[in-house]
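K.L.:
Would you mind keeping the following structure in view while I ask a few things?
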Amino acid sequence: MRTRVTGGRVFDPANGIIDQVRDVVIEDGRIIADPGPGGSEEVVNASGCIVLAGGIDLHSHIAGGKVNLGRLLMNEDRALFPEPFGDFCGCGGGRAAPTTHATGCRYSQMGYTAVFEPAVVGANARHAHLEMADIPNIDTGGFLVLGNDDFLLRLIAMGEGQQAINDYVAWMLKATQSCAIKIVNPGGINAFKFNGRNLDLDEAGPFYELTPRRILNTLQRAVTELGVPHPIHLHGCNLGIPGNVKTTLATMGATEGFPLHLTHIQFHSYGTEGDRHFSSGAAEIAEAVNAMPHISVDVGQIMFGQTVTASADLMSQYRNHNIADPKKWIGMDIEMDAACGVVPFNYRDTSFVNALQWAIGLELFLLIEDPWRVYLTTDHPNGGPFTSYPHLIRLLMDKPFRDHHLRQIHKAARSHTRLESISREYTLEEIAVVTRAAPARTLGLKDRGHLGPGARADVVLYEDQPDRETMFAHPRIVMKDGEVVVVNGEIVALTEGRTYAVHPPSDPLMDKRLERWFDEAVGLKSSHYQIADGEIRGGQGPEIVELKP
Amino acid sequence: MSGFRLTLKAPLSARVDASSLLPEALAGVSAADVAALTVPFGTGVALVGDLFEITAGSDEAVVFSGDPRLDYVGSGLAAGEIRVEGSVGVAAGAGMSGGRLVISRDAGDGLAAGLTGGRIEVFGSAGKNVGGPRPGERQGMRGGVVSIAGRVGDGLGARLRGGLILVGGDAGAGAADGLLAGTLAVAGRLGPGAGRGMKRGSILVTTAPEALATGFAEAGPQDFVALKLLARRVPELAALFGGTLSGRAVRLVGNRLAGGEGEILVLS
Amino acid sequence: MSSGETTEAGAPRIVRDVVCGFCGLGCDDIEVAVAGRVVTPRKACADAARLLARGDAPAPSPRVNGAPASFAEAASAAAVHLKAARSSVFSGLGADLEGHRRLYDIAMVAGASIDHSASGGLFANLDRLARRGWIAATLAEVRNRCDLLVVFGDDPAASFGRLFERIMPVRKGEGGDAAPLFAPSGRRVVMIGTPFSDASRKALAGHELSEILLPPEQVATAAALLASALAGRDIGAVDVLPGTAGASLAELADLLRAARYSVFTWNAATLPQADAAAVAGSASEAVDLLSPTTRAAVLPLGGRDNVTGAHQLALWRFGYPLRTAIGAGTARHAPDLYATAAALKDGDLLLHASAFRPDPPPEFSAGPVIALAHPDTSFAREPDVFIPVGTPGVDHPGHVFRMDSVVCLPLQGLRSAELPSLAEAASAILANFGRGA
Amino acid sequence: MSAPAPLLINGVEIRDSFAEAFPMAGTRLIITADTPRWAHTAAASLTGFATSVIGCGCEAAIEREIPADETPDGRPGYAVLIFAMSLKDLKKIVPLRAGQCVLTSPTSALYSGLEGGSAVPLGKALRYFGDGHQMSKNLGGSRIWRIPVMEGEFVCDEIVGSTTAAVGGGNFLILARSRPAALAAAEAAVAAMGQVRGAIMPFPGGVVRSGSKVGSKYAGLIASSNDAYCPTLRGIAKTALPAEVESVLEIVIDGLSEGEVADSMRAGITAVCGLGAAGGVVAVDAGNYGGNLGPFHFKLHELMAQEAGR
């Protein structure tokens, strides 16, 4: 069956196609080179529409233990946003911590077709995969959290060579069926288990006496040498602490030439100027990002309203638990791998700090010049629920709209941001880059994020409207692998997605070594820690992302 | 008159969630419109008109004939009045913020859970967890007045944060668990284990509780000006206790295990 | 381990590293011998041995109204009942996650309330966890870090035979990967409640053990007093416990402040029902009070028959814990209404799911009973539909959650799967609703 | 254009003058106690040293006694009014005086006697005396505080309302033939004015002998002896007194509103006139500053027009 999407204005920046009226032809779930007219074709009229590839969110906490803890704490949010189930959906609801079905439906209703869970803790990976398998209409993948795991820290501390580290990282990626490595507060989560309360980039942690810099560099080298496409996905030191802009700049300079992705950088761009000792470091950060082509970032924009924050960074979450709203929170030390902290938050535009956080995020979006190195995220649900993306897109594309909202926020925060002086408005091309092409490229997904021949036929038709929020909230048509799943913003079909993983090879000696580690230290068999291919997506198995040579 | 009278056609064979049938929601619609609404019935749905005979009311209120399976009556009520001629199921008046709910006979579990305002009057008895928190919520009832003429079940006023609950009869076990603030007034006997984790707030009783939760101490008798004041300011309390609310009471303080300074005042 | 490998009545096949899904502790070093249908445990705790053992009896047939029926007939009869019911009650829920998924699928199309037979302890803990939260640790963290373990209530080894062996091993030799990596090998374990059993004393040999002996009904008071002492209050002034217990708790508070990583554990299912939530609350409070200066965590025990999995799946599917009714476009979480006993008062159908052990369904006479249950189940009343199902981890593979709710474990099949899995049985029923599985 | 006819009531000249008054912030408190005596003691203490904002920071006095069955707790009580130059001052002075004079006084309780307006803290400020053992109750539409004290509990409302429509400095002068005549007339006036609700006479016994003018020859003194009305200064200062006047007394009135001040003044002047020329009263005058300072002008002729017409 062949489908022809015709008459739309195509934005496919990965293939250099910007605002060209042309046909997109689909066959067997993939886009093909236009064979010209003839044969039996289903025609989809895209006139009046912008045609984009399916959206890709490379950092959104959608599955796993901490999300479930978030659901447990957010029963009120769940009740406020019910999701009636009919023939398409399972059921569920919620906004800050939606159910699996609601997650898939809400994402695909906005034109997203792939979302990556950026914090899979090894011990909880099986759970995360079971949840991901239950999310309809979107493809998924997980980033494995390393950098606080005792086995790794022991290897580094004992002076084992890089090869051993590489073998371990490769083993863990395969064992947990993950597609990238995330580091959360390198060494910091581990330090907290030893009662360390802070750990700066060049500070030696307790017990192993390793600096975050050393842990970071070791893992950067590992993923580079293994050929994992996505660079280290770093949630840096000192999240949320005023003055952390210094740490963040130092971290960017500490990469020894390896590429680095800094995630939710908004939370790491705080200065200490002004009488409240809290200021925007966005300009310095943006300047540094602009000057360093090996750095990419996602923003982690905060959006006002109720949400829940879920992070492996228990050190930071413990620091923040007193400002939980509602006043409850859960922390966990997890299985020699990492930790988690789940803290409900209500960001208020009447709060100086929250208002400035909001402005800092937008400053970053607007001051970082290369859209290929900045990805659109709210760090769902930490900065705000992903359902706020259309609003965020309009804030970026519509200066008067942005200024209107700027006038609503806390007065003092307004005088602490240069947002009003920034005239930049994102173009449709840039939106296509930050929500599609760029995340696909950094994740090594060659058949995604674009509309060229061979690409997965994830195609979205947005009716061109001046109100970009409405436009991006209600696509006219969303196709997942060539199948129409959304029409006029409503779900019309449920499909099963796939899960991405990388499987770099590792020395069999590492198997033996980890068998002993799991037996003796962890108290679990390594064979039961490892997730078999057949356990992914109900037997479908993972989709393997090619390694970079 | 824009109110309605909803008379059950037969005793309910499954539980009904009546939370959508609020005076504000039904204002300005016709009886036929009401009949065409659906309500959760068991794990399915039913047309309101299939369960109830709907007629115009004599005033603005929504009036139900009751049934022990009629749940969530008045849940979320913010204004207006609901009257039930008969009994109701669970969670009547849960999360109510204003208005008035009157139940002529008994209420099930979870009456007034999470109440923040308004008045609830029950002329029969009520089940467990009156005025407690709704599932997952940190705190119980935070405001409003609930009066129950008869007895109540276990867990009265758990995590109560404010407001007044008046009980004409006995209260079951474990009242005032984790009570934070607010007032319980029980004219009958207070069941065993009351006041566990109680932080603040008051329980007014007329007979010394048989077995309080561990952690209370007796401060002795006192002539409380505050009780004289409440007797005049809060007519419901005066009506419940009559002459025993003279000001004289024995004060028990606790729960000291939780560092609490709540009180149980035994009126005399 | 595919079933095809099983040898017919030949020499028993030894299977090592079997994962156990029964009590929730998730031991995965069980050893069994398998010969045909016969499964003989070789290395397992007493409970696991009893529940894993299988004789040579062939699988019984499904029954409809007491008469043997085909699998398809039974599934279809079950569907007929489900379609006719208005207030179905799904109880037991002793199943692997695959089974739970299919049961929840049925609930979504046919409408049902869901609860697990072992959810009592879970809900006592949720009283703290969902309302206020806590800081918890997983088994491996306790195993390697805990230098002071406080146990409230009965000796947990009665329900979790190998708990102490798993979480409090004594380091054998120096260096290497042997646990504990970060705690002294002689650790301190304090029991508040009943004395250590002999078996536990043996498992904990090498550690410093102490007991604050109290009758069960005073354990919650002791827990509250301990939290009170940690809050800096003079608990001597609240002298409510007999003998020297108060003084011992004050001393324990000092030890806890000096400890580097203390852990508080309890089994909410065996504490007096009225007290379990209070113990969970006090233990969590103790952790909160210690956390500003040192580290501490709770380790709530539980998880029988994958109740943790049933709970986790309910959360990600419906956004609510168990004791939720699903159907007609909504999910309604009302523990007062949908705890099994309460739900059965309104129910017009009982679906009893119990694949791990032959537990009979709860008493119910107001409608049909469908049992997707262990073949050895003996029924007081013959169910309207009985589909005997295999046990996950014996008859077929599956997934279960461990008690700490973090680790999800793969179960393997040990013998030829003559019995359908609960997931297969539920799928067959679901197929009658026009839904594929 | 002819001069206005002199207004005479019972032989007393009502001069064509006016009392010039200022806006104030004011409120009413109700004090109860186990006995009338102790209720009075607390009320007297609370309103002590409160004659003039100039030196006391506020002006206060007992408004009336309240029978037990009309008080919030059913015990004997007194209502007092208290006035300050601004809300800010009132919010400072009320809790200060309540804390020192009512909280300390045996068996007393303190309640709000005025609703509406800006909230003035009572228990809201005093509760801290309880050192964490204080308890509040929010019942019957308002919050009360119970503060443990050695004798039992001190109960008080959390807040009291206030008004900024209050008026201070209503006044009239009694010009009499003799000191005894002036005093008798002043006492009669105070007794009559005590029946008017919502107004008080803050000076000792309701009467002030040291009426003042604005300013002084001494720097820093904002008020000084009203030389025009001092009989002994006739001849050296410009005088307002006819020869037959030997003594003058003033009555100063604060009220919760303009109307209450007017009512009070009228009642007082009427009582003074009741004694008449026969009682030694020559004239009734009023103090003002020329009309440029205070927005409220109580013209004696207008006030007394009705009385005169009888």
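Protein chains in written order, with the numbering used here: chain P, -5 to 543; chain E, 3 to 270; chain F, 17 to 453; chain W, 10 to 319.
The C-beta atom is built at its ideal place from N, Cα and C for all residues, glycine as well.
Alpha helix (DSSP H) containing Phe512 of chain P: first to last residue?
P.N.:
Stepping through the first sequence from its first residue, residue 512 of chain P is reached at position 518. That residue, Phe512 of chain P, is in no alpha helix (DSSP H); it is neither H nor E in DSSP.
K.L.:
Answer yes or no: does any C-beta atom of chain E fall closer than 8 Å to that of Asn211 of chain P?
P.N.:
Position 217 of the first sequence holds residue 211 of chain P. No, Asn211 of chain P lies away from the interface with chain E (no Cβ there is under 8 Å from its Cβ).
K.L.:
Counting only C-beta atoms, is Arg333 of chain F closer than 8 Å to chain E at any point?
P.N.:
Here residue 333 of chain F is taken as the residue at index 317 of the third sequence, counted from 1. For Arg333 of chain F, the answer is no, since every Cβ of chain E falls outside 8 Å of its Cβ.
K.L.:
Can you tell me whether Arg311 of chain F is helix, strand or coil according to DSSP?
P.N.:
Walking along the third sequence from the start, residue 311 of chain F turns up at place 295. Arg311 of chain F: strand per DSSP, three-state reduction.
K.L.:
Between the stretch 57 to 88 of chain E and chain P, which residues of the former have a C-beta closer than 9 Å to a C-beta of the latter?
P.N.:
Against chain P - using a Cβ distance shorter than 9 Å - the stretch 57 to 88 of chain E contributes no residues.
K.L.:
His132 of chain F touches chain P at which residues, Cβ-Cβ below 9 Å?
P.N.:
Working through the third sequence from its first residue, we reach residue 132 of chain F at position 116. Residues of chain P passing the Cβ test: none, with the nearest at roughly 16 Å.
K.L.:
Going straight from the alpha carbon of Gln157 of chain P to that of Gly234 of chain P, what length do you get?
P.N.:
Taking the first sequence and counting its residues from 1, the one referred to as residue 157 of chain P is at position 163. Taking the first sequence and counting its residues from 1, the one referred to as residue 234 of chain P is at position 240. Spanning the two alpha carbons is a distance of roughly 35 Å.
K.L.:
Going by DSSP in three states, Gly169 of chain F sits in which element: helix, strand or coil?
P.N.:
Along the third sequence, one-based indexing puts residue 169 of chain F at 153. Note: Gly169 of chain F maps to strand in three-state DSSP.
K.L.:
With a threshold of 8 Å, are at least 3 pairs of Cβ atoms found where one atom belongs to the stretch 374 to 386 of chain P and the other to the stretch 286 to 297 of chain P?
P.N.:
Yes: at least three Cβ pairs fall under 8 Å.
K.L.:
Measuring only between beta-carbons, confirm whether Gly20 of chain F sits less than 8 Å from chain E.
P.N.:
Mapped onto the third sequence, residue 20 of chain F falls at position 4. In this predicted model, Gly20 of chain F has a pLDDT of only 40, less than 50, meaning its place in the structure is not dependable; the value taken from the coordinates is given anyway. Closer than 8 Å: no.
K.L.:
Indicate the three-state DSSP secondary structure (helix, strand or coil) for His229 of chain P in the structure shown.
P.N.:
For the purposes of this step, residue 229 of chain P is taken as the residue at position 235 of the first sequence. His229 of chain P falls in the strand class under three-state DSSP.
K.L.:
Taking all protein chains shown into account, decide if Lys11 of chain E is buried (16 or more other Cβ within 10 angstroms of its Cβ) or exposed.
P.N.:
Reading the second sequence from its first residue, position 9 is the one you call residue 11 of chain E. By the neighbour-count rule (16 or more Cβ atoms within 10 Å), Lys11 of chain E is not buried but exposed.
K.L.:
Pairing CB atoms from the stretch 70 to 77 of chain P with CB atoms from the stretch 86 to 103 of chain P, are three or more of them under 8 Å?
P.N.:
Cβ pair count under 8 Å is three or more, so yes.
K.L.:
Just the chain P side, please: which residues come within less than 8 Å of Ala156 of chain F by C-beta, in chain order?
P.N.:
In the third sequence, counting from the first residue as 1, residue 156 of chain F sits at position 140. Near Ala156 of chain F (Cβ distances below 8 Å), the residues of chain P are Ala117, Glu329, Met330, Ala515, Val516, Gly517 and Leu518.
K.L.:
Of all the options P:Val114, P:Asp441, P:Pro338 and P:Leu138, which has the alpha carbon lying nearest to the alpha carbon of Val217 of chain P?
P.N.:
Stepping through the first sequence from its first residue, residue 217 of chain P is reached at position 223. With distances taken between Cα atoms, Val217 of chain P lies closest to P:Leu138.
K.L.:
Counting only the same chain and skipping the five closest in sequence on each side, list residues whose C-beta sits under 7 Å from that of Gly312 of chain E.
P.N.:
Residue numbering for chain E in the displayed model covers 3 to 270; residue 312 of chain E lies beyond these limits and cannot be assessed.
K.L.:
Using the beta-carbon of each residue, which ones in chain P are nearer than 7 Å to Ser135 of chain E?
P.N.:
Taking the first residue of the second sequence as 1, we reach residue 135 of chain E at position 133. Correcting the residue identity first, residue 135 of chain E is Pro in this sequence and not Ser. Result: empty, since nearest Cβ-Cβ is about 11 Å, beyond 7 Å.
K.L.:
Using the DSSP secondary-structure output, state which residues sit across from Trp154 of chain W in a beta bridge.
P.N.:
In the fourth sequence, counting from the first residue as 1, residue 154 of chain W sits at position 145. Paired residues: W:Ser145 and W:Cys165.
K.L.:
Taking only three categories from DSSP, how would you classify Ala189 of chain E?
P.N.:
Position 187 of the second sequence holds residue 189 of chain E. DSSP places Ala189 of chain E in coil when its eight states are reduced to three.
K.L.:
Using only the alpha-carbon positions, how far apart do Ser32 of chain E and Asp319 of chain P sit?
P.N.:
Residue mapping note: residue 32 of chain E aligns to position 30 of the second sequence, counting from 1. Residue mapping note: residue 319 of chain P aligns to position 325 of the first sequence, counting from 1. Looking at the two C-alpha atoms, the distance is approximately 42 Å.
K.L.:
If we count the other Cβ atoms within 10 Å of its Cβ and call it buried at 16 or more, is Ile278 of chain W buried or exposed?
P.N.:
Position 269 of the fourth sequence, counting from 1, holds the residue named residue 278 of chain W. Buried, because 16 or more other Cβ atoms sit within 10 Å of the Cβ of Ile278 of chain W.
K.L.:
What do you get for Arg397 of chain F, buried or exposed, if any count of 16 or more other CB atoms within 10 angstroms of its CB means buried?
P.N.:
Sequence index remark: in the third sequence, residue 397 of chain F carries index 381 (1-based). Looking at its Cβ environment, which holds fewer than 16 other Cβ atoms inside 10 Å, Arg397 of chain F is exposed.
K.L.:
Between Gly51 of chain E and chain P, is the shortest Cβ-Cβ distance under 8 Å, so that the two count as touching?
P.N.:
Along the second sequence, one-based indexing puts residue 51 of chain E at 49. With 8 Å as the cut-off, Gly51 of chain E does not count as an interface residue toward chain P.
K.L.:
Considering only C-alpha positions, which residue in the set E:Leu162, E:Leu269 and E:Gly5 is nearest to Asp61 of chain E?
P.N.:
Against the second sequence, residue 61 of chain E aligns to sequence position 59. Out of E:Leu162, E:Leu269 and E:Gly5, E:Gly5 has the C-alpha closest to the C-alpha of Asp61 of chain E.
K.L.:
Taking C-beta to C-beta, are Leu210 of chain P and Ile226 of chain P nearer than 8 Å?
P.N.:
The count along the first sequence starts at 1 and reaches residue 210 of chain P at position 216. The count along the first sequence starts at 1 and reaches residue 226 of chain P at position 232. Against a cut-off of 8 Å, the Cβ pair of Ile226 of chain P and Leu210 of chain P comes out as a contact.
K.L.:
I'd like the list of long-range same chain contacts for Glu434 of chain F, defined as Cβ closer than 8 Å, with 5 residues on each side in sequence excluded.
P.N.:
Indexing the third sequence from 1 puts residue 434 of chain F at position 418. Counting only Cβ-Cβ distances below 8 Å, and skipping sequence neighbours, we find Arg53, Pro74, Ala75, Gly406 and Asp411.
K.L.:
Could you give the first and the last residue of the continuous beta strand (DSSP E) run that contains Tyr106 of chain P?
P.N.:
In the first sequence, residue 106 of chain P corresponds to position 112, counting from 1. Tyr106 to Val114 is the extent of the beta strand (DSSP E) around Tyr106 of chain P.
K.L.:
Which same chain residues end up closer than 6 Å to Met10 of chain W when comparing Cβ atoms and leaving out the 5 residues on each side of it in sequence?
P.N.:
Taking the fourth sequence and counting its residues from 1, the one referred to as residue 10 of chain W is at position 1. Annotation note: pLDDT 44 at Met10 of chain W (below 50); position unreliable, coordinate value reported separately. Hits under 6 Å: none found.
K.L.:
So what does Ala341 of chain F bridge to, in DSSP terms?
P.N.:
Here the question's residue 341 of chain F lines up with position 325 in the third sequence. BP columns for Ala341 of chain F point to F:Ser129 and F:Arg348.
K.L.:
For Val41 of chain E, report the span of its alpha helix (DSSP H) as first-last.
P.N.:
What you label residue 41 of chain E is simply residue 39 of the second sequence in a count that begins at 1. Val41 of chain E -> not in any alpha helix (DSSP H); beta strand (DSSP E) instead, spanning Thr40 to Phe43.
K.L.:
For Ile129 of chain P, name the three-state secondary structure that DSSP assigns.
P.N.:
Position 135 of the first sequence, counted from the first residue, corresponds to residue 129 of chain P. Coil, per DSSP.
K.L.:
Just to confirm before moving on: does the CB-CB distance between Ala187 of chain E and Leu168 of chain E stay below 8 Å?
P.N.:
One-based indexing of the second sequence puts residue 187 of chain E at position 185. One-based indexing of the second sequence puts residue 168 of chain E at position 166. Yes, they are a contact pair.
K.L.:
Using the C-alpha atoms, what's the distance from Glu490 of chain P back to Ile445 of chain F?
P.N.:
Residue mapping note: residue 445 of chain F aligns to position 429 of the third sequence, counting from 1. Residue mapping note: residue 490 of chain P aligns to position 496 of the first sequence, counting from 1. Spanning the two alpha carbons is a distance of roughly 22 Å.
K.L.:
Would the beta-carbon of Leu178 of chain E fall within 8 Å of that of Leu158 of chain E?
P.N.:
Taking the first residue of the second sequence as position 1, residue 178 of chain E is located at position 176. Taking the first residue of the second sequence as position 1, residue 158 of chain E is located at position 156. A small fix is needed here, since residue 178 of chain E is Ala in this sequence, not Leu. In this structure, Leu158 of chain E lies closer than 8 Å to Ala178 of chain E by Cβ.
K.L.:
If you count every other CB in all the chains shown that lies within 10 Å of the CB of Arg1 of chain E, and 16 or more means buried, which is it?
P.N.:
Within the shown structure, residues of chain E are numbered from 3 to 270, placing residue 1 of chain E beyond reach of any answer.
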